[in-house]
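Novice: Please find one structure pasted underneath; my questions will follow.
There are 2 protein chains.
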Amino acid sequence: MTAAANQSGRRPTTSRRLERAGIRDVAAAAGVSITTVSDALNGKGRLPDETRSRVREVAERLGYRPSAAARTLRTGRSGLIGLTVTTYGEEPFTFTEFAYFAEMARAATSAALGRGYALVVLPASSRHDVWGNIALDGTVVIDPPDQDPLVSELYRSGVPVVSDGKPGNCPVTAWVDNDHEAAVLGILDHLSEAGARRIGLLTGTSTDTYTRLSTEAYLAWCTKVGQEPVYEAYPAHDPASGAVAADRLLARPDRPDAVYGLFDPNGTDLLAAARRYGLRVPDDLLLVCCSESDVYATTEPPITTLSLKPRKIGTTVVNLLIDAIEGVDSGTGVDIARLFPPRFRTAGNGPPPGTLMPTELIVRASSQRRSPRTTISPPRAPGEV
Amino acid sequence: MTAAANQSGRRPTTSRRLERAGIRDVAAAAGVSITTVSDALNGKGRLPDETRSRVREVAERLGYRPSAAARTLRTGRSGLIGLTVTTYGEEPFTFTEFAYFAEMARAATSAALGRGYALVVLPASSRHDVWGNIALDGTVVIDPPDQDPLVSELYRSGVPVVSDGKPGNCPVTAWVDNDHEAAVLGILDHLSEAGARRIGLLTGTSTDTYTRLSTEAYLAWCTKVGQEPVYEAYPAHDPASGAVAADRLLARPDRPDAVYGLFDPNGTDLLAAARRYGLRVPDDLLLVCCSESDVYATTEPPITTLSLKPRKIGTTVVNLLIDAIEGVDSGTGVDIARLFPPRFRTAGNGPPPGTLMPTELIVRASSQRRSPRTTISPPRAPGEV
DNA sequence: CACTCTTGGAGAAACGTATCTCCGAAGGCT
DNA sequence: AGCCTTCGGAGATACGTTTCTCCAAGAGTG
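Chains as they are written, first to last, in numbering that gives the first Met the number 0: chain A, 0 to 384; chain B, 0 to 384.
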């Protein structure tokens, strides 16, 4: 009683605020100390169940909501995870990877929520003062460029960073990526088996990991089988120039009889270009593109697509990040690697630990000359050549 | 000097932490008080430029980053805006409104960022403890159901809420919506002018504002022109049953010669159903659907779509919210309405203030029997009947 | 010279929580 | 009876800012 009176008397000259109830108000109303309230509500300390439930009841009656800001300040945890995506224009996301990003973000949001975290979307191009102003427990970075200043900054701040896309030279805590090499080789083999003699590639001019690895895999494959490379590159972030590039590719004197397009819109663009040149798909031209959109199931003809499984990526990347957040106390360089399932880890001595996720080739009519039945074939294992 | 020494001596028995530099460290290093550091960095107080720049320099050298948590606690502002979307399943977003939501969220993110705020995505179904644990300055709610407990809770907490979609019975601060009535009437008129005699509707079974207003507008139109309503409703959140409903609609004995579909996938579903029944579009069947996807520009034939302009909605809703956040101090029922551009406000005495955004009908071949040229016609003004 | 302003800046009080330390009391053991 | 242990809970401090209040010294003014 006396304690309660003292507690409530804590606010001295300040005029009585009629705002939200604080932990002190609950303590006063319940006739206990704020320690007891905190312990009762958070399930800590040693308290008899009776006290616990009484405090909970009083808190409920007063409509008490703990201040997230105060809790964050005290505990050092905000429950917030940043989702950063590299931007090319002024818009937060790029167009070409739209479906991929949307799906990935969706899965990431879901996974984070399931573990009690929320996601805040932060384009890398944001003004420093906005994402510097947010208490982040960790960050997911999508396809960071080499020497990304954002990643470096976060690293220096001690914020764990997990990247979607194998990082070039960034000090990330961990990363997740598809096995792009295996995926491309799988597609090229698939097209070869379908009868392709000269396989072309529609690729991008940017230097991100996906574009680079895929293109290199293509060139390596060409060297191996002795085919002259036939490819066109265009700025993938510009939605208009994709159609032009598709046209260029089919207008070449050494026109390919099969094409793989690295970006989502390439399928429709190539289809349109093929029509323009009077090429029938799949009879005169085999087609595959990388896409997450299911519109390619209903095009004329349906187009074979490679899915990068953004859902799985998003889920994995978030879980890795939260493992890192909750596993390491702070600052001190604890061995995070131990947290990760070793089966996927690259056999490396040096960090950062990476996880390779499988892709999925969804075979449709556009890449089959004989039986146009729809099947799903798994990608080949990374070991095969 | 003495002051600096005292300041640094502030940390008594605690062992020297090697963590991040705090404002006290900056103050000590610069030989000033923490007040001066705060003022210098935030551009407040009366300080000579020389002191200001010196402090900034020291802060930079020490890699000082203000603690977002502490700032939030002190100022009561987190710079965070919640983006809540009602969910039907376990996934954060619904499928049918996917493109709409993605575009809207993108615009909202962009607009928020431009004003120094970040967006955190919070499905309404999230566990209470996750979004109760986040310091939100305000929330955008997409299409809240009547008596949404989430909205009530936020309202009680004093958090401003702006809804996308006219709220039924929720105490929102403001709302933004399309003029669905005008949009539907415009489409029906458009189809009539193209020669439709019996216009059908593909609608949903849920009770959200969009579905309800659109269906009511359709029924009212039917009454007015003396046509018997021809519609099929299905659970819009289930992607599979849309195709079934489209089929049902075209299988009816009183088969319509024109159809408007309220949801994004209806276009392709109706097109497929039409093929199945040997109906040519637009010759035997006129088609319009509501969609934000540009795949309908390249279908065979291209399909006329109604765009709800999610970019504009997202931008507007965020700007209204931030106006409310920055305009009203806290709790006290200040007249927020004054902040809003009066031109859009509903001529109402009672709250909450709402804004109606125009839609856009993108006319393509599927709704024109004569000249298949692509034009864009604005919706008619809300006044006309 | 006595006085008022202005300038430049220091002190200290919050903000609301979590948690570390410690203490009294009641019971059990020798 | 003295000592140890456990129970139940209170006190105080720290988290890192922002900001309100106030003061000292110099500059101007009569």
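Just so you know, even glycine gets a beta-carbon here, dropped at the ideal spot from N, CA and C.
Tell me the rounded alpha-carbon separation between Glu359/A and Ala181/A.
Specialist: When rounded, the distance between both Cα atoms is 11 Å.
Novice: Which residues in chain A sit within 8 Å of Ile391/B, going by Cβ to Cβ distance?
Specialist: This structure leaves residue 391/B out entirely; chain B is present only between 0 and 384.
Novice: From Glu231/B to Thr298/A, what distance separates their C-alpha atoms?
Specialist: So the alpha carbons of these two residues sit roughly 26 Å apart.
Novice: In the DSSP assignment, what residue or residues form a beta bridge with Tyr233/A?
Specialist: DSSP lists Gly203/A as partners of Tyr233/A.
Novice: Look at Ser191/B and Val280/B and say whether their C-beta atoms are less than 9 Å apart.
Specialist: Going by C-beta atoms, Ser191/B is not nearer than 9 Å to Val280/B.
Novice: Using a Cβ-Cβ cut-off of 6 Å (strictly less than) and excluding sequence neighbours within five positions of Gln146/B, which residues of its own chain qualify?
Specialist: Correct list, in chain order: Asn168.
Novice: Quick one: is Arg51/B near chain A, going by C-beta distance under 9 Å?
Specialist: Cβ-Cβ to chain A under 9 Å: no for Arg51/B.
Novice: Please report how far the alpha carbon of Ile22/B lies from the alpha carbon of Gly131/A, in whole angstroms.
Specialist: One C-alpha to the other measures close to 15 Å.
Novice: Looking at Gly185/B and Ala257/B, is the spacing between their C-beta atoms short of 9 Å?
Specialist: It is not a contact, given that the beta carbons lie outside the stated cut-off.
Novice: Name the chain B residues that come within less than 8 Å of Thr297/A, Cβ to Cβ?
Specialist: Here the neighbours are Thr267 and Ala271.
Novice: Nearest by alpha-carbon distance to Arg114/B: which of Ile324/B, Thr354/B, Leu355/B and Val362/B is it?
Specialist: For Arg114/B, the nearest C-alpha among the options comes from Ile324/B.
Novice: What did DSSP end up calling Ile58/A once you bin it into helix, strand or coil?
Specialist: Ile is not the amino acid found at residue 58/A; the sequence shown has Ala there. Three-state result, Ala58/A: helix.
Novice: Could you name the residues of chain A that Ser156/B contacts, counting a contact when the two beta carbons are closer than 9 Å?
Specialist: Simply Arg19, Gly62 and Arg64.
Novice: Is Asp128/B close to chain A? Criterion is C-beta to C-beta, closer than 9 Å.
Specialist: Cβ-Cβ to chain A under 9 Å: yes for Asp128/B.
Novice: I need the DSSP call for Val161/A, collapsed to helix, strand or coil.
Specialist: DSSP places Val161/A in strand when its eight states are reduced to three.
Novice: What's the gap between the Cα of Gln367/A and the Cα of Asn265/A?
Specialist: Their Cα atoms are separated by approximately 18 Å.
Novice: Could you check whether Val183/A and Ser162/A sit closer than 9 Å to each other, using their CB atoms as the reference points?
Specialist: Not closer than 9 Å, so no.
Novice: Cutting at 7 Å between CB atoms, please list the residues of its own chain near Pro390/A, excluding the five before and the five after it.
Specialist: Here chain A covers residues 0 to 384 and nothing more, so residue 390/A does not appear.
Novice: Just to make sure I have the definition right: I need the residues of chain B whose C-beta is within less than 9 Å of the C-beta of Pro122/A. Which are they?
Specialist: Neighbours of Pro122/A on chain B, chain order: Thr108, Ser109 and Leu112.
Novice: Which full runs of the alpha helix (DSSP H) of 4+ residues lie inside the segment 58-143 of chain B, going along the chain?
Specialist: Those alpha helix (DSSP H) runs which fall completely within the segment 58-143 of chain B and span 4+ residues are 67-74, 97-113 and 127-130.
Novice: Contact between the segment 237-252 of chain A and the segment 208-221 of chain A: three or more CB pairs below 8 Å?
Specialist: Verdict: no, contact absent.
Novice: In its own chain, which residues sit with a C-beta less than 8 Å from the C-beta of Asp263/B, not counting the 5 before and 5 after it?
Specialist: Cβ within range, chain order: Thr95, Glu96, Phe97, Ala98, Tyr99, Cys288, Cys289, Ser290, Glu291 and Ser292.
Novice: Pull out every residue of the segment 293-320 of chain A whose Cβ sits closer than 9 Å to any Cβ of chain B, in chain order.
Specialist: For the segment 293-320 of chain A, which is checked against every Cβ of chain B, the residues closer than 9 Å are Val294, Thr297, Thr298 and Glu299.
Novice: Using a C-beta cutoff of 9 Å, does Ser240/A count as contacting chain B?
Specialist: Chain B contact via Cβ: absent.
Novice: Quick one: give me the first and last residue of the alpha helix (DSSP H) that Cys289/B is part of.
Specialist: Element bounds for Cys289/B: not the alpha helix (DSSP H) but the beta strand (DSSP E), Leu285 to Cys289.
Novice: For Val157/A and Gly137/A, I'd like the C-alpha separation in whole angstroms.
Specialist: A quick correction: the sequence has Gly, not Val, at residue 157/A. Whole-angstrom Cα-Cα distance: 9 Å.
Novice: My guess is that Pro122/B and Thr86/B are in contact by the Cβ rule of under 8 Å, so how many angstroms apart are they, rounded?
Specialist: With a Cβ gap of about 5 Å, Pro122/B and Thr86/B count as contacting.
Novice: Hey, out of Tyr116/A, Thr208/A, Arg105/A and Leu149/A, whose CA is closest to Arg126/A's CA?
Specialist: Of the listed residues, the one whose Cα sits closest to Arg126/A is Leu149/A.
Novice: Does the CB of Arg254/A have a neighbour CB from chain B at under 9 Å?
Specialist: Judged by the 9 Å Cβ criterion, Arg254/A is not in contact with chain B.
Novice: Which term fits Glu102/B, buried or exposed, when burial requires 16 or more other beta carbons within 10 angstroms of its beta carbon?
Specialist: Classification of Glu102/B: buried, given that the 10 Å Cβ count is 16 or more.
Novice: Using a cut-off of 9 Å between C-beta atoms, extract the partners of Ser125/A located in chain B.
Specialist: What Ser125/A touches in chain B: Leu112 and Ala117.
Novice: Would Ala134/A pass as a contact of Ile80/A if the rule is Cβ separation under 9 Å?
Specialist: No, they are not a contact pair.
Novice: For chain B, find out if any of its Cβ atoms is closer than 9 Å to the Cβ of Gly72/A; answer yes or no.
Specialist: It is Leu, not Gly, that sits at residue 72/A in the sequence shown. Answer yes: the Cβ-Cβ gap between Leu72/A and chain B drops below 9 Å somewhere.
Novice: On the three-state DSSP scale, how would you describe Tyr217/B?
Specialist: Helix at Tyr217/B.
Novice: Quick one: what's got a C-beta closer than 7 Å to Leu320/B's C-beta in the same chain, skipping five residues either side?
Specialist: The answer, listed in chain order, is Ile80, Gly137, Val139, Pro159 and Val161.
Novice: Which chain A residues sit within Cβ distance under 7 Å of Ala101/B?
Specialist: Chain A residues near Ala101/B: Ala101.
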